[in-house]
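Asks: Structure provided below as structure tokens; questions to follow.
Residue numbers (my numbering): 121 to 207.
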């Protein structure tokens, strides 16, 4: 696998994860506005480390880290295989 192809795949997966997170947050905001929460309450929820907002953000970070780890693993494995082929 070429590094550029792996990087392109990573960018696509990271983009999908980010888009999903943005969409979930938009739904979350609308649900809370319908429930009658003010903008100040939403801002407070964003800063609260135990809120759903923070948990979603942490899940996003973990998903991106997982994708990065997979990319790094594939690149290292490919480099190792290419090095073995040269010997």
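Quick reminder that beta carbons are idealized off the backbone N, C-alpha and C, glycines included.
Report the three-state DSSP secondary structure of residue 136 (helix, strand or coil).
Replies: Correct three-state label for residue 136: helix.
Asks: Assuming residue 187 contacts residue 130 under a Cβ cut-off of 8 Å, what Cβ separation, rounded to an integer in Å, is found between them?
Replies: The Cβ separation is near 6 Å, so the contact holds.
Asks: Could you please give the first and the last residue of the uninterrupted alpha helix (DSSP H) stretch that includes residue 156?
Replies: Counting along the chain, residue 156 falls outside any alpha helix (DSSP H), and DSSP gives it neither H nor E.
Asks: Judging by CA-CA distance, which residue of 191, 190, 184 is the nearest neighbour of residue 139?
Replies: The residue with the shortest Cα to Cα distance from residue 139 is 184.
Asks: If the criterion is Cβ atoms closer than 8 Å, does the pair residue 154 and residue 162 meet it?
Replies: No, the Cβ-Cβ distance between residue 154 and residue 162 is not below 8 Å.
Asks: Verify whether the separation of the beta carbon atoms of residue 206 and residue 126 is less than 8 Å.
Replies: Contact: no.
Asks: Out of 204, 169, 189, which one is the CA nearest neighbour of residue 134?
Replies: Considering only alpha carbons, the answer is 189.
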